[in-house]
Ligand SMILES: [Zn+2]
Ligand SMILES: [Zn+2]
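Right under this line is the structure:
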C-alpha cells in the first residue's frame, strides 16, 4: 500500500510505496531510550521512500552498523536504518506513529521480549516473540548493540 507521514512540525514529510501491512516492535534498550518506550516500526525498502524536507533531518550512528534519524526542528524520531551491509541492509524502519494514517497494519513480531519493562505488555500472542538471544542468532552483526 501507499502511505504518507511526517514529523510533528511538518518540516519533514515522506511518501512511501510498497508499504507492507505489518509492523514489528523492538524493546531493545537503544530503541527504548530513543522512543521513550518501544520502537513500533514498519520496515520499508529504502528506495520506496521519498523524503521531503530532508535538509531538516539529522542522523546519528549509535552503533557501527546502524543510524537513527530525527527532525532537527521538532525532535520527532523519523527512522532507524542499518548502514552496514549485511542482513536487513537496504531497509528503513519508520515509526508507526509518524504515519498520517497508522491504521491498516497488523503486528508481525516483537523482538528483545526478554527486555520489556515489567508492567508493559503488548496485546496478542499470535505473533513471533524473540528474545535478545534469538535476535542475535538471526543476525550476529548486532552483537555490539544494546
Ligand atoms: Zn519536525
Ligand atoms: Zn531496537
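Numbering (my numbering), first residue to last: 271 to 416.
Just so you know, even glycine gets a beta-carbon here, dropped at the ideal spot from N, CA and C.
As the structure is a computational prediction, the values presented were derived from the model and not from experiment.
Residue pairing by DSSP puts residue 349 in a beta bridge opposite 339. Residue list for ligand 1: 277, 278, 279, 280, 281, 282, 326, 341, 343, 344 and 346 (CB closer than 7 Å to any heavy atom, chain order). Burial state of residue 380 is buried, judged by a 10 Å Cβ sphere holding 16 or more other Cβ atoms.
Not one heavy atom of ligand 2 sits closer than 6 Å to the Cβ of residue 392. Straight across, the Cα-Cα distance linking residue 374 with residue 287 is about 14 Å. Residue 296 is bridged by DSSP to 309 and 381. If you ignore the 5 residues before and after residue 310, its C-beta comes within less than 6 Å of the C-beta of 293, 295 and 366, all in its own chain and listed in chain order.
A distance below 6 Å between beta-carbons, with the five flanking residues on each side excluded, links residue 297 to the following residues of its chain, in chain order: 308, 382, 385 and 386. The continuous alpha helix (DSSP H) containing residue 406 extends over residues 402–408. Residue 357 counts as exposed, since fewer than 16 other C-beta atoms from the protein chains shown sit within 10 angstroms of its C-beta. Taking every protein chain shown into account, the CB of residue 371 has fewer than 16 other CB atoms within 10 angstroms, so this residue is exposed.
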